[in-house]
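Novice:
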Amino acid sequence: MNKDIEIAQQTPLEPIHNIAEQLQLTSEDWEPYGHSKAKLSATLFEKLKQKKSGKIILVTSINPTPAGEGKSTVTVGLGQALNQMGKNAIIALREPSLGPVMGIKGGAAGGGYSQVLPMEDINLHFTGDIHAITTANNALAALIDNHIHQGNELQIDPRKIEWKRVVDMNDRALRQIVVGLGGANQGVPREDGFNITVASEIMAILCLATDVQDLKERLRSIVIGYTFDHHPITVSDLKVEGALTLLLKDAIKPNLVQTTENTPAIIHGGPFANIAHGCNSIIATKMAAKLADYTVTEAGFGADLGAEKYFHIKSHAGNIDTSAVVIVATVRALKMHGGVTKDRLMEENITALETGMDNLQKHIETIQAFNVPFVVAINQFPTDTKQETSFIQQWCQARGYDVALTTVWAHGGKGGIELAEKVIAKTNNFHSSFQPLYDINESLENKLRIVAQKVYGADDIEITKEARKQLRFFQEQGWGNLPVCMAKTQYSLSDDPTLLGRPTGFTITIRELRASIGAGFIVALTGDVMTMPGLPAKPAALQMDVGEDGRAKGLF
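Below, the structure written as C-alpha cells:
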C-alpha cells in the first residue's frame, strides 16, 4: 500500500473553482490561493444567515495512543461516504500545527484514501493563518514590553505579565527565557517564555469568534498581566485591539479545499486539544452547516478532552446543535489500553482487547451524559484480525450500542458506507435534548470537579495552594461564570499519562489556572502538561525532504 503522501500526490485535484461551484458559491464568495486552495469571504456567512442549517456530526475517539487512531481519517471518510450515497456533505477540520508535524504526532489531514488535499500545503504553511496568529501574538508581546520601556503609564508589573511569545514549533529551550538584556536601550529585563502558537489565546479567540467585530471585542478583553496593585490589564488598556484585528483580517476567513474524492472541506483554526479547546472555528463549522445538509467535524483527542470542550466551550459560544457523535476506536489502541506494548500490537490478543474495552466504555458514558446519540466506529487496520474486530462488534451489540466497521483508509468513502448509514439513521431520529454536564453559573471549583468526576472518572480534584489563590481571585474579578478548559494529558483519562485503560481511585491535581478572558474560558493546568511541547529523540522531520521535482518527500 502506498504511503499517505504518495496517495495524495497521485490524486488528481479539481480546480478550486469547481469545488466552489459545487457549493453554489459565486465569484464574490471566495478568493483563490493558488489552484487548489481558497479563502471564503468574510461576508458569506451573513449572506447565508437565513438559510436553514444542515445536521452537524461530531467525530471523537477513545484516548489516543502512539499507535494512532485515525480520527481525522474517519472524519474525512465519513464525509466522502455521505457524498457517495448522494447526500450533500462537507467536512470541517482544524489546521495542523507545525510542531506536531515536525515532531511525533504527524499531520492532521487524514490518511490513505481519506485525506484532505493538498496535504503537503495543509500540513505545512497552508494559507498562512497560523503565521498570522503568531505575528499578532508576538506583536502584542512587543507592544507590552515597549509600553514598559517607554515609561509604563499603566503601571504594569513586569513580574506579573501573563502574555507569552509564541512560535509554531516544539522548542523546549524557549519555555523559560529572560528578555530585555543588554542595557537600558534594550528594554526592561524580565523572565519570559514561549508557548506553541496553537496554545495562544489568540488562536482560541479566532476559533470562537463569530465575526470580525466579535473578534475585535474578544481581543480587547485579553488580560495580558496585572498592575503593581493587582488590577488586570487588558488589550483595551493598551489600545491595540485594532492593530491585532488588522493582522488577523484574512486569517479569520475559512479555507476551502477538497478530499481525495473531491468532497468539499473547510479547514480553519487549530487550537491544541490538551491545552486549549481543540476544535476548528465556529465560523467554519456554522458556514459549513449552511452550505451542506451534513457537516462532519471533529474535536481533538479523546472524548475526555475534545468532545467535552466541544460541548462546553465551542457549542456554548456558537449555539451549535449537534445531531450525532461518532466515537472512533481501533483494535490497536484498545489492546494498548489493555496492557499490550507497542511492539506486540500485531499479535492477536483478545484478552487484552477485552480489558481495553473499559476505555471505550467510559467515553461512551461521557457522550451519553451529554444526551447526544452516537455510533461507535471501528477504524480497521490491515493487522487487525477478524476475531478482534468481531469481538468489538459483538461487545457493542450486546450492550445496545450501534457500531460500524470502517475501512476508509484503504477504500475511501466506500469503506465508510455502513457508518454513514447508521449516522443518518441517528440524525433522522434527532430531537435536540443535549444537556451540558454543568450549569455555567456554577462556581469554577464545582465546574472543575464535575468535569474531573463525570468525564474522567476521578474520585475528586486536588487544588494546589497557588491554584486556590488564583481561583478566589478569578471569582472576585467576576470571571466565575466562564466555562473551564482543562489542560490534561491526552493519553489517559487521569492526569498521569501512564495510567491507561479506565483508571480508578485517582485524583486530578489542579496546579495552576490561567485566565483566557478574550477566549471566554478559564484554563486549568493539571499534572505536568506543558504549553510548549518538546521534540522526540527522533523527530518526524528527520524523514522529510524535497525531491528534484520540488515535491515534498517523507511527509507521512
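Residue numbering for the sequence shown follows this note's numbering, beginning at 953 and increasing consecutively. Glycine is no exception: its CB is placed at the ideal position from the N, C-alpha and C atoms.
#1: Nearest to residue 1238 by alpha carbon, out of 1005, 1486, 989, 1499?
#2: From the DSSP output, in three-state form, read off residue 1496 for me.
#3: From the DSSP output, in three-state form, read off residue 1192 for me.
#4: Excluding five sequence neighbours on each side, which residues of the same chain lie with their C-beta closer than 8 angstroms to the C-beta of residue 1427?
#5: Cutting at 6 angstroms between CB atoms, please list the residues of its own chain near residue 1477, excluding the five before and the five after it.
#6: Looking at C-alpha atoms only, which residue of 1507, 1039, 1219 is the closest neighbour of residue 989?
#7: Please list the terminal residues of the continuous alpha helix (DSSP H) segment that includes residue 1052.
#8: My understanding is that residue 1241 touches residue 1008, with C-beta atoms under 8 angstroms, so please give their C-beta distance in whole angstroms.
#9: Suppose contacts are defined by Cβ-Cβ distances below 8 angstroms. Is residue 1199 in contact with residue 1187 by that definition?
#10: On the three-pair Cβ rule with 8 angstroms, is the region 1087 to 1101 touching the region 1134 to 1151?
#11: Which runs of the beta strand (DSSP E) at least 3 residues long sit entirely within the region 1224 to 1292? Give them in chain order.
#12: Output the distance between the C-alpha atoms of residue 1404 and residue 1330, rounded to the nearest integer angstrom.
#13: What is the residue span of the beta strand (DSSP E) that residue 1037 lies within?
#14: Does the Cβ of residue 1350 have 16 or more other Cβ atoms within 10 Å, making it buried, or fewer, making it exposed?
#15: Please determine, among 1113, 1064, 1192, the residue with the shortest C-alpha to C-alpha distance to residue 1361.
#16: Excluding the five sequence neighbours on either side, which residues of its own chain have a C-beta within less than 7 angstroms of the C-beta of residue 1115, listed in chain order?
#17: Once you ignore the five residues that flank residue 1326 on each side, which residues in its own chain have a CB closer than 8 angstroms to its CB?
#18: Can you tell me the Cα-Cα spacing of residue 1468 and residue 1021, whole angstroms?
#19: Restricting to Cα atoms, I'd like to know which of 1060, 1308, 1386, 1497 is closest to residue 1268.
#20: Just the C-alpha distance for residue 1341 and residue 1014, rounded to the nearest angstrom, thanks.
#21: In or out: residue 1456 buried (at least 16 other Cβ within 10 Å) or exposed?
#22: Under three-state DSSP, which class holds residue 1439?
#23: For residue 1528, write down the residues that DSSP places opposite it in a beta bridge.
#24: Out of 1296, 1452, 1435, 1436, point me to the one whose CA is closest to residue 1443's CA.
#25: My understanding is that residue 1492 touches residue 1054, with C-beta atoms under 8 angstroms, so please give their C-beta distance in whole angstroms.
#26: Which residue wins for smallest C-alpha separation from residue 1310, given the options 1324, 1389, 1012, 1290?
#27: Residue 1078 by DSSP, collapsed to three states: which one?
#28: Helix, strand or coil, according to DSSP, for residue 1212 in the structure here?
#29: Quick check on DSSP: helix, strand or coil for residue 1025?
#30: Return yes when the Cβ of residue 1249 is within less than 8 angstroms of the Cβ of residue 1232, no when it is not.
#31: Just to confirm my understanding: we take residue 1039, look at its own chain, exclude 5 residues before and 5 after, and list those with CB closer than 8 angstroms. What are they?
#32: Can you grab the Cα-Cα spacing for the pair residue 1073 / residue 974, in whole Å?
#33: So the candidates are 1214, 1154, 1078; which of them puts its Cα closest to the Cα of residue 970?
#34: Drop a sphere of 10 angstroms on the beta-carbon of residue 1383, count the other beta-carbons inside from all chains shown, and report buried for 16 or more, exposed for fewer.
#35: Compare the C-alpha of residue 1035 against each of 1000, 1126, 1211, 1174 and name the closest.
#36: Run through DSSP, which three-state label would residue 991 get?
Specialist: Taking the coordinates as given:
#1: Minimum Cα distance to residue 1238 is reached at 1005.
#2: Here residue 1496 sits in coil by DSSP.
#3: DSSP, reduced to helix, strand and coil, places residue 1192 outside both helices and strands of the structure shown, so it counts as coil.
#4: Here residue 1427 has 1395, 1396 as same chain residues with Cβ atoms under 8 angstroms from its own Cβ, once five neighbours each way along the sequence are excluded.
#5: If we look at residue 1477 and ignore the five residues flanking it on each side, its Cβ neighbours are 1439, 1463, 1464.
#6: Nearest option by C-alpha distance: 1219.
#7: Counted as a single uninterrupted DSSP element, the alpha helix (DSSP H) harbouring residue 1052 occupies residues 1050 to 1054.
#8: In this structure residue 1241 touches residue 1008 by the C-beta definition: roughly 6 angstroms separates them, less than 8 angstroms.
#9: For residue 1199 and residue 1187, no; Cβs fall outside 8 angstroms.
#10: The region 1087 to 1101 is in contact with the region 1134 to 1151.
#11: Complete beta strand (DSSP E) runs here, min 3: 1246 to 1250, 1276 to 1281.
#12: Roughly 27 angstroms between the two C-alpha positions.
#13: Under the DSSP assignment, residue 1037 falls outside any beta strand (DSSP E); it carries neither an H nor an E label.
#14: By the neighbour-count rule (16 or more Cβ atoms within 10 Å), residue 1350 is not buried but exposed.
#15: If we check each option's Cα against that of residue 1361, 1064 comes out closest.
#16: Cβ within range, chain order: 1092, 1093, 1096, 1176, 1177.
#17: Taken in chain order, the residues that qualify are 1276, 1277, 1278, 1279, 1316, 1319, 1320, 1353, 1354, 1378.
#18: The straight-line gap from Cα to Cα measures roughly 30 angstroms.
#19: Nearest neighbour of residue 1268 by Cα position, chosen from 1060, 1308, 1386, 1497, turns out to be 1386.
#20: Approximately 16 angstroms between the Cα atoms of the pair.
#21: It is exposed - the Cβ of residue 1456 has fewer than 16 other Cβ atoms within 10 Å.
#22: In the three-state reduction of the DSSP assignment, residue 1439 falls in the strand class.
#23: Residue 1528 falls outside the range modelled here, since the chain spans only 953 to 1508, and no answer is possible.
#24: Closest option to residue 1443, judged by alpha-carbon separation, among 1296, 1452, 1435, 1436: 1452.
#25: In this structure residue 1492 touches residue 1054 by the C-beta definition: roughly 6 angstroms separates them, less than 8 angstroms.
#26: The shortest Cα separation from residue 1310 among 1324, 1389, 1012, 1290 belongs to 1290.
#27: Reduced to three states, the DSSP call for residue 1078 is coil.
#28: Coil.
#29: Reduced to three states, the DSSP call for residue 1025 is helix.
#30: Yes, they are a contact pair.
#31: Shown here for residue 1039: same chain residues with a beta carbon closer than 8 angstroms to its own, the five before and five after excluded, namely 1245, 1246, 1372, 1376 in chain order.
#32: Near 22 angstroms, if we compare the C-alpha coordinates of residue 974 and residue 1073.
#33: Closest by alpha carbon: 1214.
#34: The residue is exposed, with fewer than 16 neighbouring Cβ atoms inside 10 Å.
#35: Here the closest residue by C-alpha is 1211.
#36: In this structure, residue 991 counts as strand in the three-state DSSP scheme.
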